[in-house]
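Chains A and B are the protein sequences, given in the same order.
Numbering-wise (the working numbering), the first sequence opens with residue 1 and increments by one.
Numbering-wise (the working numbering), the second sequence opens with residue 315 and increments by one.
For every residue, glycine included, the Cβ atom is placed at its ideal position computed from N, Cα and C.
Since the structure comes first, as structure tokens, the remarks are kept for the end.
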Amino acid sequence: MGSIGVLLVSHQVIPYLEQELNKRYNLFRLWDFPQKSQLLTQHGASIRAVVGDAFAGADSDLIEALPKLEIVSSFSVGVDKIDLGKCKEKGIRVTNTPDVLTDEVADLAIGLMLTLLRRICECDRYVRGGNWKHGDYKLTTKFSGKTVGIIGLGRIGAAIAKRAEGFNCPISYYSRTQKQESKYKYYPSVVELASNCDILVVACPLTEETHHIINREVINALGPKGFLINIGRGKHVDEPELVFALLEGRLGGAGLDVFENEPHVPEELFGLENVVLLPHVGSATVETRTAMADLVLGNLEAHFLGKPLLTPLV
Amino acid sequence: MADLNESIEESQENNNLPKVFLHGPPEFSFILQPNPSHNFHILNPSSLPPLHQFLSLNPHHASSIAAIVCTGGYTVNADVLQLLPALRLVCTPSAGTDHIDLSECRRRGIQVAGAGNLFSEDVADMAVALLIDVSRKISAADRFLRRQVQNVSWNFPLGSKLTGKKIGIVGMGRIGSEVAKRLEAFSCMISYNSRNKKPLVSYPYYSTVLELATDTNVLILCCDLNDQTRHIVNKEVMLALGKGGIIVNVGRGALIDEKELLKCLIEDEIGGAGLDVFENEPHVPKDFFSLDNVVLSPHAAVVTSESLMGIRQIVEQNLTAFFSNKAPITPVI
Chain A
1 MGSIGVLLVS
11 HQVIPYLEQE
21 LNKRYNLFRL
31 WDFPQKSQLL
41 TQHGASIRAV
51 VGDAFAGADS
61 DLIEALPKLE
71 IVSSFSVGVD
81 KIDLGKCKEK
91 GIRVTNTPDV
101 LTDEVADLAI
111 GLMLTLLRRI
121 CECDRYVRGG
131 NWKHGDYKLT
141 TKFSGKTVGI
151 IGLGRIGAAI
161 AKRAEGFNCP
171 ISYYSRTQKQ
181 ESKYKYYPSV
191 VELASNCDIL
201 VVACPLTEET
211 HHIINREVIN
221 ALGPKGFLIN
231 IGRGKHVDEP
241 ELVFALLEGR
251 LGGAGLDVFE
261 NEPHVPEELF
271 GLENVVLLPH
281 VGSATVETRT
291 AMADLVLGNL
301 EAHFLGKPLL
311 TPLV
Chain B
315 MADLNESIEE
325 SQENNNLPKV
335 FLHGPPEFSF
345 ILQPNPSHNF
355 HILNPSSLPP
365 LHQFLSLNPH
375 HASSIAAIVC
385 TGGYTVNADV
395 LQLLPALRLV
405 CTPSAGTDHI
415 DLSECRRRGI
425 QVAGAGNLFS
435 EDVADMAVAL
445 LIDVSRKISA
455 ADRFLRRQVQ
465 NVSWNFPLGS
475 KLTGKKIGIV
485 GMGRIGSEVA
495 KRLEAFSCMI
505 SYNSRNKKPL
515 VSYPYYSTVL
525 ELATDTNVLI
535 LCCDLNDQTR
545 HIVNKEVMLA
555 LGKGGIIVNV
565 GRGALIDEKE
575 LLKCLIEDEI
585 GGAGLDVFEN
595 EPHVPKDFFS
605 LDNVVLSPHA
615 AVVTSESLMG
625 IRQIVEQNLT
635 AFFSNKAPIT
645 PVI
């Protein structure tokens, strides 16, 4: 298999994955080439697989430029950086990494809720800055018992709900269609959900329909005592609107693991104490990233051996 | 001296009501403000002056004070009780009771009312918050982002998984139970140590903290501080917990040998620590400040708006009940 050309488009995958791909295949790293066009001209015809992640995938142009492309295997569960329609059209397989990161992302979502409402990061800064001797930190907001509204009740949404229930949080949700078997309260629109919960969590895939699903109307409905948690994709949120709302006090606070233009973070957020900002670490543990890597490798291996794929999307 | 703003009528009425004294710092005045419907009279609603000074200015009140409301750090020991021969109730709206000599109160027939279950949820939330933060490096990552040069690729170290971890809870009282309940929803495996095995608790019991530490990945301290539990987490326990192990303390600072903890953290003998309490508050050893594997909190486990509203209510309810010859709502002894 050492002669199969595989293109790795993101340098942010863990070293283990890069090393294994290098061992097993003829690996091309996108960032080794000063110009993408150079890579495509020299090696485009030998590339049969692309490995991407949440930061970089395979858009229409790239797919067109790789005539021998058979499979795109993503080191992520979200595949908004892959042109799925184009892949379907050309019979190119697509795999992602569901399930192995569900718990990890759900844990982080709860972690964001707790650290935001209880100002854990601010308190840590307060102590490290030597301020405790001048007085206690101010009152924060209790988490237990707050109503949690979840956008998207898939694997991750359901895992978040289960954990929040341990804190006696009533759960409500919005999704494209009501889930008949769910015991949680359903709202037919995001605005209604936002009006009726204390903490709103984005846990759905990014698609054309869910782009900017958190807009000014939703933010105003959530209100000055409401909190937004985003563990989905940055583009779920109208980021400039979010920043205005926070600066103007129209939103109680936000816990963000993702941003519209990573690695860029709106600078206005750095001065705020009612936000928690994370560098897209939803699945970022040794255990989970290794499991994700094994899924990527397993899917590629299965494909090239003509066996059924482990976690196909297309 | 009677409050100068009281009218003659009021002070005559108040003279007949049982007397309550606020034993805490000046800010403690928030805890209870005079209300005409009270069946008791607050001698010092501004929470000033402190007890000893008050008694030397008003020696006649020493034998009239029927109840004191006190906070952590304001000791009620045998010496204090000696000064207050008419005392029948100590009301302490705090999660801990280590500032009160409970056996001396018992001996003197003085009732003690606490905070009941009021703080348990907030303290449990703090414990879980610290645990997730340490595991997933939330505060460290937030710090990293706010310092970062813009548009440079994010290169931040990986955290460690929490779901499914083995958690050892030291102290399975109200707070320990709330912590256990929350972490069960993360599919964590709970076991515990406490003074005695609890017959109604189904989690595995370990008779020593050392054995508990040997078999778990995380220790969460939720117990009282007393002679048996001082430095209950020592070097041996920390080494048994092992590299990658995490300690969360929402009890009292002195439950842990703080100097040893610092050493173990610096030398990577344990993975990390989430601390809401310290041996010598508000002093925190500076060596903690350069560590990325700790999260530091200024004893804030109960400092939420909701708990504040709750403790005012609980103090009022306990005093009202007691002075209606009913039992306190949230008795400690």
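Could you tell me the boundaries of the alpha helix (DSSP H) in which residue i lies?
i                      : result
residue 384 of chain B : That residue, residue 384 of chain B, is in no alpha helix (DSSP H); its beta strand (DSSP E) goes 379-384.
residue 419 of chain B : 416-421
residue 121 of chain A : 120-128
residue 216 of chain A : 216-222
residue 460 of chain B : 452-461
residue 632 of chain B : 619-636
residue 27 of chain A  : No alpha helix (DSSP H) contains residue 27 of chain A, which is instead part of the beta strand (DSSP E) from 26-29.
residue 551 of chain B : 549-555
residue 466 of chain B : It is not in any alpha helix (DSSP H) - residue 466 of chain B carries neither H nor E in the DSSP assignment.
residue 394 of chain B : 392-397
Starting from residue i and walking both ways along the beta strand (DSSP E), at which residues does that stretch end?
i                      : result
residue 288 of chain A : Taken as a continuous stretch (DSSP letters only), residue 288 of chain A belongs to no beta strand (DSSP E), being part of the alpha helix (DSSP H) at 286-304.
residue 588 of chain B : 586-589
residue 174 of chain A : 171-174
residue 230 of chain A : 227-230
residue 95 of chain A  : 93-95
residue 651 of chain B : What the structure shows of chain B is the stretch from 315 to 647, and residue 651 of chain B is not part of that stretch, so it cannot be assessed.
residue 62 of chain A  : Element bounds for residue 62 of chain A: not the beta strand (DSSP E) but the alpha helix (DSSP H), 60-65.
residue 337 of chain B : 333-337
residue 532 of chain B : 532-535
residue 5 of chain A   : 5-8
Below 8 Å on C-beta distance, what does residue i contact in chain A?
i                      : result
residue 598 of chain B : 127 and 132
residue 467 of chain B : 11, 12 and 263
Which residues does DSSP pair with residue i in a beta bridge?
i                      : result
residue 507 of chain B : B:484
residue 541 of chain B : According to DSSP, which records beta bridges pairwise, residue 541 of chain B is partnered with nothing at all.
residue 74 of chain A  : A:52
residue 312 of chain A : A:95
residue 254 of chain A : A:228 and A:275
residue 405 of chain B : B:383 and B:427
residue 237 of chain A : A:214
residue 199 of chain A : A:148 and A:227
residue 355 of chain B : B:333
residue 519 of chain B : B:506
List, in chain order, every chain B residue whose beta-carbon is nearer than 9 Å to that of residue i.
i                      : result
residue 30 of chain A  : The contacting residues do not exist; residue 30 of chain A stays about 14 Å from chain B at best.
residue 107 of chain A : 446, 449, 450, 475, 476, 477 and 500
Cβ closer than 8 Å: which chain B residues qualify as neighbours of residue i?
i                      : result
residue 144 of chain A : 435, 436, 438 and 439
residue 137 of chain A : 612, 614 and 617
residue 284 of chain A : 450, 470, 472 and 473
residue 104 of chain A : 475 and 477
Answer yes or no: do residue i and residue j have a C-beta to C-beta separation smaller than 7 Å?
i                      : j                      : result
residue 477 of chain B : residue 107 of chain A : yes
residue 53 of chain A  : residue 10 of chain A  : yes
residue 296 of chain A : residue 116 of chain A : no
residue 160 of chain A : residue 109 of chain A : yes
residue 228 of chain A : residue 254 of chain A : yes
residue 598 of chain B : residue 407 of chain B : no
residue 219 of chain A : residue 190 of chain A : no
residue 346 of chain B : residue 647 of chain B : no
residue 546 of chain B : residue 569 of chain B : yes
residue 230 of chain A : residue 272 of chain A : no
residue 366 of chain B : residue 333 of chain B : no
residue 156 of chain A : residue 105 of chain A : yes
Which residues of chain A have a Cβ atom closer than 7 Å to the Cβ of residue i, listed in chain order?
i                      : result
residue 447 of chain B : 111, 115 and 120
residue 442 of chain B : 114
residue 688 of chain B : The structure shown does not extend to residue 688 of chain B, since chain B is modelled only from 315 through 647, so no value can be given for it.
Whose Cβ in chain B lies nearer than 7 Å to the Cβ of residue i?
i                      : result
residue 163 of chain A : 499 and 500
residue 123 of chain A : 611, 612 and 614
residue 41 of chain A  : Per Cβ cutoff of 7 Å: no residues; residue 41 of chain A is ~26 Å from chain B at best.
I want to verify the contact list: residues of chain A whose CB lies under 9 Å from the CB of residue i, in sequence order.
i                      : result
residue 464 of chain B : 263, 264, 265 and 267
Worksheet item: Going along the region 492-505 of chain B in order, which residues come within less than 8 Å of chain A, judged by CB to CB distance?
Response: Within the region 492-505 of chain B, the residues whose Cβ lies closer than 8 Å to some Cβ of chain A are 495, 496, 497, 498, 499, 500 and 501, listed in chain order.
Discussion item. Against chain A, which members of the region 532-547 of chain B pass a CB distance test of less than 8 Å?
Written reply: Of all residues in the region 532-547 of chain B, none has a Cβ within less than 8 Å of some Cβ in chain A.
Worksheet entry | Short-range partners of chain A found in the region 617-631 of chain B, where Cβ spacing is below 9 Å | Within the region 617-631 of chain B, the residues whose Cβ lies closer than 9 Å to some Cβ of chain A are 617, 618, 619, 620, 621 and 622, listed in chain order.
Discussion item. Using a Cβ-Cβ cutoff of 7 Å, what residues of the region 449-462 of chain B are near chain A? List them in chain order.
Written reply: Within the region 449-462 of chain B, the qualifying residues are 450, 452, 453, 455, 456, 458, 459 and 460.
Worksheet item: Which of the residues in the region 470-487 of chain B, read from start to end, lie with their CB under 8 Å from any CB of chain A?
Response: If the cut-off is 8 Å between Cβ atoms, the region 470-487 of chain B has 470, 472, 473, 474, 475, 476, 477 and 478 near chain A.
Worksheet entry | Short-range partners of chain A found in the region 339-363 of chain B, where Cβ spacing is below 8 Å | The residues in question: there are none.
Worksheet item: What residues in the region 261-273 of chain A bring their beta carbon closer than 7 Å to a beta carbon of chain B?
Response: With the criterion set as a beta carbon lying under 7 Å from some beta carbon of chain B, the members of the region 261-273 of chain A are 263, 264, 265 and 270, in sequence order.
Fill in: Interfacial residues, the region 276-301 of chain A to chain B, with Cβ spacing under 9 Å
The region 276-301 of chain A vs chain B, Cβ under 9 Å: 276, 277, 278, 279, 280, 281, 284, 285, 286, 287, 288 and 289.
Discussion item. Output needed in chain order: residues of the region 44-63 of chain A with a Cβ under 7 Å from some Cβ in chain B.
Written reply: Within the region 44-63 of chain A, no residue has a Cβ that lies closer than 7 Å to any Cβ of chain B.
Item to complete: Scan the region 149-178 of chain A for residues whose Cβ lies nearer than 7 Å to a Cβ of chain B and list them as they occur along the chain.
Response: Against chain B - using a Cβ distance shorter than 7 Å - the residues of the region 149-178 of chain A are 162, 163, 165, 166 and 167.
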